[in-house]
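FYI, in full-length UniProt numbering the residues of the first sequence are 1 to 158.
From the three backbone atoms N, C-alpha and C, an ideal C-beta is built for every residue, glycine too.
These figures come from a predicted structure and were not determined experimentally.
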Amino acid sequence: MRYWLMKSEPTVFSWDDLKQAPNQTTCWEGVRNYQARNFMRDQMALGDRVLFYHSNAKPPAIMGVAEVVKTAYPDSFAWEPHSKYFDPKSSPEHPIWVMVDIRYCHDIDPPITLPQLRQIAGLENMILLRKGSRLSVQPVTPEEWAVIMEVTHSQGSC
DNA sequence: GCCAACGTTGGC
DNA sequence: GCCAACGTTGGC
Numbered sequence: 001m002r003y004w005l006m007k008s009e010p011t012v013f014s015w016d017d018l019k020q021a022p023n024q025t026t027c028w029e030g031v032r033n034y035q036a037r038n039f040m041r042d043q044m045a046l047g048d049r050v051l052f053y054h055s056n057a058k059p060p061a062i063m064g065v066a067e068v069v070k071t072a073y074p075d076s077f078a079w080e081p082h083s084k085y086f087d088p089k090s091s092p093e094h095p096i097w098v099m100v101d102i103r104y105c106h107d108i109d110p111p112i113t114l115p116q117l118r119q120i121a122g123l124e125n126m127i128l129l130r131k132g133s134r135l136s137v138q139p140v141t142p143e144e145w146a147v148i149m150e151v152t153h154s155q156g157s158c
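Here you go:
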C-alpha cells in the first residue's frame, strides 16, 4: 500500500463535501498536470491512503484521511465543452487525463495546518513543504505517514 | 492583491 | 531544441 497527499481548494471541493457525498465517495476529476496524472495512472492502487489537504485555505491544512476505492480511469470532464476541466486535446477515443475515486476514511481532528507541518520533525523533505512545490497529487513516504499519524491522535477504520 | 515558482506554449 | 512569454498555483 502506498501513501499520497491530494490537494483541493475548499471553495471548490472541501473535506466536508467529501463527507457529505453519496457513499462518502467522489471522483477526483480535474488533474491537469502530467506528473500528478502519472502518479494516479501508474502507481495508485486500491486501498492506498490519501491525506486530504486544503490548499488556498486559511490556514492550509491536512483535513483527514481518505482511501482509493477505484483506480485510474479516463477523466470524462476533459471532453465536456462546458466543464472548466475541458481539454480539447482529450477525447473518448484518446483520453489524456485520468481520475480515481476516493472515499472518506477518518478526520484528522484537529486538522494539521501548514505552519504546524513545517515544525514537525521528520517532515523536512515532504514534497508539500518544498519551496515552489505545486504538485496536486504527490507521494508521501511511509516514514512521513507514520510521523503524521503519530502527531494526530485521530484514528478510524475505513 | 501580490508575487515567486513552476509548467506550457509557440516562434524560431 | 531553445527559450521568452504567458498562465496557473498557492502561500502570504
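Considering just the uninterrupted stretch of the beta strand (DSSP E) at Ala72, what are its terminal residues? Position 72 of the first sequence, counting from 1, holds the residue named residue 72. For Ala72, the uninterrupted beta strand (DSSP E) segment begins and ends at Ala61 to Pro74.
Beta-carbon proximity check, Val50 vs Ala66, cutoff 7 Å: Taking the first sequence and counting its residues from 1, the one referred to as residue 50 is at position 50. Taking the first sequence and counting its residues from 1, the one referred to as residue 66 is at position 66. One thing to note: Val50 has its Cβ within 7 Å of the Cβ of Ala66.
Limits of the beta strand (DSSP E) - the one that Gln155 falls within: Counted from its first residue, the first sequence places residue 155 at position 155. Neither: Gln155 is in no beta strand (DSSP E) and is coded neither H nor E.
According to the neighbour-count rule (16 or more other Cβ atoms, all chains shown, within 10 Å of its Cβ), is His153 buried or exposed? Stepping through the first sequence from its first residue, residue 153 is reached at position 153. Taking all protein chains in view, the Cβ of His153 is surrounded by fewer than 16 other Cβ atoms within 10 Å, so the residue is classified as exposed.
Does the region 19-32 come into contact with the region 85-97, if we say contact requires no fewer than three beta-carbon pairs (one atom in each stretch) closer than 8 Å? Contact between the region 19-32 and the region 85-97 is established, with three or more Cβ pairs separated by less than 8 Å.
Evaluate Cys105 with the Cβ neighbour count: other Cβ atoms within 10 Å of its Cβ, from every protein chain shown; 16 or more gives buried, anything less gives exposed. In the first sequence, the residue the question calls residue 105 occupies position 105. Residue environment: Cys105 is assigned as buried (16 or more neighbouring CB atoms within 10 Å of its CB, all protein chains considered).
Could you work out which residue in Asp101, Ala57 and Ser136 is closest to Leu114 when comparing CA atoms only? Working through the first sequence from its first residue, we reach residue 114 at position 114. Comparing Cα positions, the closest option is Ala57.
By DSSP, does residue 168 sit in helix, in strand, or in coil? Examination of residue 168 is not possible in this model, given that the chain is present from 1 through 158 alone.
For the candidate residues Glu143, Ser136, Gln43 and Gly156, whose alpha-carbon lies nearest to that of His54? If you number the first sequence from 1, residue 54 lands on position 54. Measuring from the Cα of His54, the nearest candidate turns out to be Ser136.
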